[in-house]
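I have placed the structure first, in the form of C-alpha cells, so that the comments after it can refer back to it.
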Amino acid sequence: MSIVRRAVALALVVGLGLGCTAGEEVWRPLPGFAAPDFAAPDLSGSMASLSELHGRVVLLNVWATWCVPCLREMPGLQDLHEAYEGRGLEVLGVSVDRGSARDRIVSFVGEHGIRYRVLHDPDEDVAMAFRTIGVPETFLIGGDGTIVHRWIGEFDPMSPEVRALIESTLSDL
Amino acid sequence: MRTGTRRSGLGATALALLAGAAGCDAPTASLEISEVTPSMLAGFAQTADPSLAVDPVDGTLLMSWVAESEGEWDLYAARSSDGGMTFSPPVRVNDAPGDVHPHAEGSPRLVAAPGVAALFWNNQVAAPTRVWGATDLRFARSTDGGATWTPALTLQDDTTGVFPPGENTFHGATWGGDSTLVVAWLDGRERDERHVALAEVAGVPRDSAALAPDQFADLDDPRDGDATIFAAVSHDLGDTWEHTNRRVQGGVCPCCRVGLAGTPSGDVVATWRQHFDTNIRDPAFRSLFATDEEPVRVHADNWSFPGCPHAGPALDVDAEGTAHVVWYTGADGRMGLHYARKKVDASAFEAPVPIAAGEAMPVSFAAVEGLRGGGALVAHNVDSTGRRTMMVTRVDASGAVVSTQEVTGSLGGTHPQLALTGEDAVLAWTESDGGLQSVRVFRISGVDR
Numbered sequence: 001m002s003i004v005r006r007a008v009a010l011a012l013v014v015g016l017g018l019g020c021t022a023g024e025e026v027w028r029p030l031p032g033f034a035a036p037d038f039a040a041p042d043l044s045g046s047m048a049s050l051s052e053l054h055g056r057v058v059l060l061n062v063w064a065t066w067c068v069p070c071l072r073e074m075p076g077l078q079d080l081h082e083a084y085e086g087r088g089l090e091v092l093g094v095s096v097d098r099g100s101a102r103d104r105i106v107s108f109v110g111e112h113g114i115r116y117r118v119l120h121d122p123d124e125d126v127a128m129a130f131r132t133i134g135v136p137e138t139f140l141i142g143g144d145g146t147i148v149h150r151w152i153g154e155f156d157p158m159s160p161e162v163r164a165l166i167e168s169t170l171s172d173l
Numbered sequence: 001m002r003t004g005t006r007r008s009g010l011g012a013t014a015l016a017l018l019a020g021a022a023g024c025d026a027p028t029a030s031l032e033i034s035e036v037t038p039s040m041l042a043g044f045a046q047t048a049d050p051s052l053a054v055d056p057v058d059g060t061l062l063m064s065w066v067a068e069s070e071g072e073w074d075l076y077a078a079r080s081s082d083g084g085m086t087f088s089p090p091v092r093v094n095d096a097p098g099d100v101h102p103h104a105e106g107s108p109r110l111v112a113a114p115g116v117a118a119l120f121w122n123n124q125v126a127a128p129t130r131v132w133g134a135t136d137l138r139f140a141r142s143t144d145g146g147a148t149w150t151p152a153l154t155l156q157d158d159t160t161g162v163f164p165p166g167e168n169t170f171h172g173a174t175w176g177g178d179s180t181l182v183v184a185w186l187d188g189r190e191r192d193e194r195h196v197a198l199a200e201v202a203g204v205p206r207d208s209a210a211l212a213p214d215q216f217a218d219l220d221d222p223r224d225g226d227a228t229i230f231a232a233v234s235h236d237l238g239d240t241w242e243h244t245n246r247r248v249q250g251g252v253c254p255c256c257r258v259g260l261a262g263t264p265s266g267d268v269v270a271t272w273r274q275h276f277d278t279n280i281r282d283p284a285f286r287s288l289f290a291t292d293e294e295p296v297r298v299h300a301d302n303w304s305f306p307g308c309p310h311a312g313p314a315l316d317v318d319a320e321g322t323a324h325v326v327w328y329t330g331a332d333g334r335m336g337l338h339y340a341r342k343k344v345d346a347s348a349f350e351a352p353v354p355i356a357a358g359e360a361m362p363v364s365f366a367a368v369e370g371l372r373g374g375g376a377l378v379a380h381n382v383d384s385t386g387r388r389t390m391m392v393t394r395v396d397a398s399g400a401v402v403s404t405q406e407v408t409g410s411l412g413g414t415h416p417q418l419a420l421t422g423e424d425a426v427l428a429w430t431e432s433d434g435g436l437q438s439v440r441v442f443r444i445s446g447v448d449r
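Those sequence lines, one after another, are chains A and B.
What the first sequence shows, in my numbering, is residues 1 to 173, in sequence order.
What the second sequence shows, in my numbering, is residues 1 to 449, in sequence order.
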C-alpha cells in the first residue's frame with residue numbers, strides 16, 4: 001500500500017468512521033436529545049409551535065396523504081388522542097404534503113375521521129428539523145421537551161407497549 | 001473558461017478526505033457556481049419541478065418546468081443556446097389547460113434526442129373510488145426545437161379496463177441512442193388485481209370489487225402496496241408507440257422514482273428502489289428489458305423501513321458505458337447519500353462512497369452526471385451535517401470524492417437536476433417558502449469533462 005493510499009485509508013477511518021464528531025456531541029433525533037422547536041400552520045391557518053405545548057406530552061406524527069403506512073396507523077393515533085387527551089397528551093399530526101395541498105389534507109382528515117390537531121408543513125421544515133428519513137415517523141416528546149421515543153416507519157399506536165410508554169411519560173408530568 | 005484549483009489523482013483524494021475528516025465536508029471549492037435563474041420564471045405565481053436535457057446534436061440546453069397561474073398548473077419548456085445564460089420565451093407543452101400535476105418525486109422528465117424533444121408527465125384524473133387518486137402518464141414531443149408540441153398522448157395501455165383510473169407515476173425516461181424512446185413508471189395495475197383477488201376470496205364478485213379495488217387492500221401485508229414497473233417504448237422517437245406496455249419488474253417500493261439511462265451500446269438501463277423481504281428497501285439496477293435476469297443490488301444496505309422513503313435513486317451512464325448511481329439510505333451506520341458505479345463489463349457495483357452521510361441524515365435527493373474522464377458530478381440537497389442546502393460534489397475517475405461545495409444561498413431546495421453543457425453544467429431545483437414553490441437555476445463552470 002502506497003503512502004498516499006495509507007493516507008486515504010486513514011482519512012476514511014477518521015472522517016467517516018468517527019462521523020466528524022470529535023469533541024462534541026452531534027444532535028440526533030433520538031431519545032434523550034431536546035426536541036427542536038418549530039412553528040407551522042394548522043388546517044385552520046393558526047400557527048402552532050412545539051414550545052407552546054411545553055408541559056404537555058406530545059406525540060408528533062409526520063405523515064403524508066399519499067403514504068399508505070401513514071393511513072394504516074391513523075386510526076390508532078385517533079384512539080390514543082381520545083384515550084389520553086384529558087390526561088395531558090397532545091397528538092399532533094404534521095403533513096408534509098407539498099405545495100398548496102391544504103384542501104386535500106382537510107378532505108383527507110375529514111374522510112378518515114381524524115380529530116387530533118394536524119399541521120401542514122409544505123416546506124418540510126418540521127421534517128428537516130427532526131431529520132426524518134421518510135414517512136411516517138413519530139416522536140414521543142416529554143413535558144420537558146425531551147425526545148422520549150422515536151418510531152421510524154409505521155407503528156401500532158394502541159399496542160400495549162406504546163400505551164405503557166405514553167402512560168409512563170404522562171406520569172412524569 | 002475553466003477556473004479554480006482542480007486537483008487530480010490520489011493526492012487530491014487524500015487531501016480532500018483529510019480535510020473532510022476535520023470539517024465533515026471536503027472543502028475544495030474548485031467550481032464556479034453562479035445563479036442564472038431566467039427572469040421569465042418570475043412571470044408565474046409558482047414554478048416547480050424542473051427537468052433538463054441537452055440536444056445530442058447541437059448541445060442546446062432544454063429546460064421544462066411546471067408553473068401555476070391563477071390556480072392552474074401547466075407544463076412549460078424553453079431552450080438555451082448559451083448554456084443556460086439566456087432562454088427562449090416559454091412555450092406551454094400540455095395542450096389541455098391544467099393537464100399537469102406538480103409533484104417533486106414524480107416530476108416531468110424531459111428527453112432530448114436528435115431532432116426531437118420529448119416530455120413525459122403526470123396529470124391528475126378524477127377517480128372517486130380511489131383512496132390515493134389516479135394519474136395518467138402523458139407524453140408530447142417537439143420536432144422544431146421546442147417551439148411547438150404535439151397534443152398529449154396517454155401512454156399507459158390499461159385505460160379501458162374494468163378498473164377505475166389508476167396510478168401511473170414516478171417515471172424515468174430516456175433516449176435509447178438510435179430511434180428509441182423509453183419511459184418506465186410505477187404502475188398500480190397488478191396491485192388492483194391483487195386486491196380484486198382478495199375480494200373474490202371474501203366472496204365479492206370480481207366486477208363489483210373492480211369498481212373500487214383500493215377498498216380490498218390487505219393493510220396487514222407490508223407488500224400489499226408494492227408497485228410494478230411498466231414501460232412504453234417508441235421506435236421512431238415518439239411518432240408512434242408500441243401497442244402494449246412492457247412489464248419490467250414487480251415488488252417495487254411504490255413511491256420512489258425510477259431512473260433510466262441509455263447506454264453507448266444502445267441498451268437502456270434502470271435503477272429503482274426494490275422492496276425486498278422484511279421491508280428492506282435498497283436500490284436495484286438492471287438492463288430494463290432483461291426481465292429474465294435478476295436485478296443487481298447496487299448495495300446491500302439492508303435498510304428496513306416500514307414506510308415511504310419517497311426518494312428514488314439517481315442514475316446516469318457515461319460515454320464509456322459506466323453506470324453512476326446515487327441513492328439515499330436510512331440504514332443504521334450508513335444513513336445518507338452514497339455513490340457507486342458499475343463499469344460496463346462488471347457484474348456488480350464497486351464499493352459505495354459516501355456523498356453526504358452521517359448519524360442523523362434526513363432523507364435527501366440527488367442528481368448525477370457521468371463525466372467524460374470517468375468521474376461524476378453529483379448535486380444533492382443536504383450537506384453532511386444534515387442541513388438542507390444545495391451541494392455539488394465531484395467524484396474523480398478513481399471513484400473518490402475530490403471536492404464538495406455548497407451553493408451559496410440555496411437553503412431549502414429539493415430535487416436537484418443536472419445537465420452537462422460542454423465543459424460546464426447547469427443545475428436546477430425547486431424551493432418552497434410558505435408552500436409557494438419556485439425554480440432556481442445555476443450554472444457550474446469548471447466541470448472537468
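Idealized CB from N, CA, C, for every residue including glycine.
DSSP lists Ala379(B) and Gln405(B) as the bridge partner or partners of Val392(B).
Secondary structure note for Ile152(A): its beta strand (DSSP E) is the uninterrupted segment Ile147 to Ile152. Contact check for Val182(B) and Thr174(B): beta-carbon distance about 6 Å, within the 8 Å limit, so the pair qualifies. The beta-bridge partner set that DSSP reports for Arg141(B) consists of Ala118(B).
Rounded to the nearest whole angstrom, the CA to CA distance from Thr421(B) to Asp55(B) is 9 Å. Scanning chain A for C-beta atoms nearer than 8 Å to the C-beta of Trp132(B) yields Thr65, Trp66 and Val68, reported in chain order.
Arg372(B): not part of any beta strand (DSSP E); DSSP gives it neither H nor E. In this structure, the straight-line span from the alpha carbon of Pro38(B) to that of Val196(B) is close to 49 Å. Within 7 Å of the CB of Arg28(A), the CB atoms of chain B belong to Glu359 and Ala360, in sequence order along the chain. Going by beta carbons, Val368(B) and Val407(B) fall outside the 7 Å limit.
Put simply, the backbone Cα of His299(B) is about 7 Å away from that of Pro283(B). Closest in C-alpha terms to Leu411(B), from the list Ala400(B), Trp429(B) and Val395(B), comes Trp429(B).
When the alpha-carbon of Trp66(A) is set against those of Gly413(B), Gly330(B), Gly307(B) and Ser432(B), the nearest one is in Gly307(B). Taking C-beta separations shorter than 8 Å and ignoring five residues to either side along the sequence, the partners of Gly225(B) in its chain run Arg191, Ala217 and Pro254, following chain order. By the criterion of a C-beta distance shorter than 6 Å, Trp73(B) is surrounded in its chain by Val66, Val100 and Pro102, once the five residues flanking it on both sides are discounted.
Under DSSP, the beta-bridge partners assigned to Leu186(B) are Thr169(B) and Ile229(B). Rounded to the nearest whole angstrom, the C-alpha separation of Gln78(A) and Ser44(A) is 19 Å. Residue environment for Asp172(A): exposed (fewer than 16 other C-beta atoms within 10 angstroms of its C-beta). Here DSSP, grouped into helix, strand and coil, assigns Gly262(B) to strand. Within chain A, no C-beta atom comes less than 8 Å from the C-beta of Ala397(B); the nearest is roughly 15 Å away. At a cut-off of 4 residues, the continuous stretches assigned as alpha helix (DSSP H) that sit fully inside the stretch 32-111 of chain A are 68-84 and 102-111.
Residues of chain B whose Cβ lies closer than 8 Å to the Cβ of Ala39(A) do not exist, since the nearest Cβ in that chain is about 12 Å away. Note on geometry: alpha-carbon atoms of Ala129(A) and Gly259(B) lie some 28 Å from one another. In terms of beta-carbon proximity, Arg131(A) lines the interface with chain B, with at least one pair separated by less than 7 Å. Only residues of its own chain outside the window of five on either side were considered, and among them Val111, Arg141, Leu181 and Gly238 have a CB closer than 6 Å to the CB of Ala118(B), listed in chain order. Under the 10 Å beta carbon count, Gly71(B) is surrounded by fewer than 16 other beta carbons and is classified as exposed.
For the stretch 242-268 of chain B, residues whose beta-carbon sits nearer than 8 Å to a beta-carbon of chain A comprise Pro254 and Cys255. Neighbours of Pro122(A) in chain B, taken as residues at a C-beta separation under 7 Å, are given in chain order as Ser432 and Gly435. Secondary structure of Glu70(B) (DSSP, three-state): coil. Contacts with chain B at 7 Å (Cβ-Cβ) include Glu154(A). Of the candidates Pro89(B), Gly373(B), Thr291(B) and Ser364(B), Ser364(B) places its Cα closest to the Cα of Thr389(B). Setting aside the 5 residues that flank it on each side, Gly176(B) is surrounded in the same chain by Val182, Gly262, Gly266 and Val268, each with a C-beta closer than 7 Å to its C-beta; the list follows chain order. Taking C-beta atoms as the reference points, Gly330(B) and Gly358(B) fail to come closer than 7 Å. Distance from the CA atom of Ala232(B) to the CA atom of Phe108(A), rounded to whole angstroms, is 33 Å. In the assembly as shown, Ala34(A) is an exposed residue. Its beta-carbon has fewer than 16 other beta-carbons within 10 Å.
Counting C-beta pairs with one atom in each stretch, the stretch 307-325 of chain B and the stretch 286-294 of chain B have fewer than three that are closer than 8 Å, which means they do not touch.
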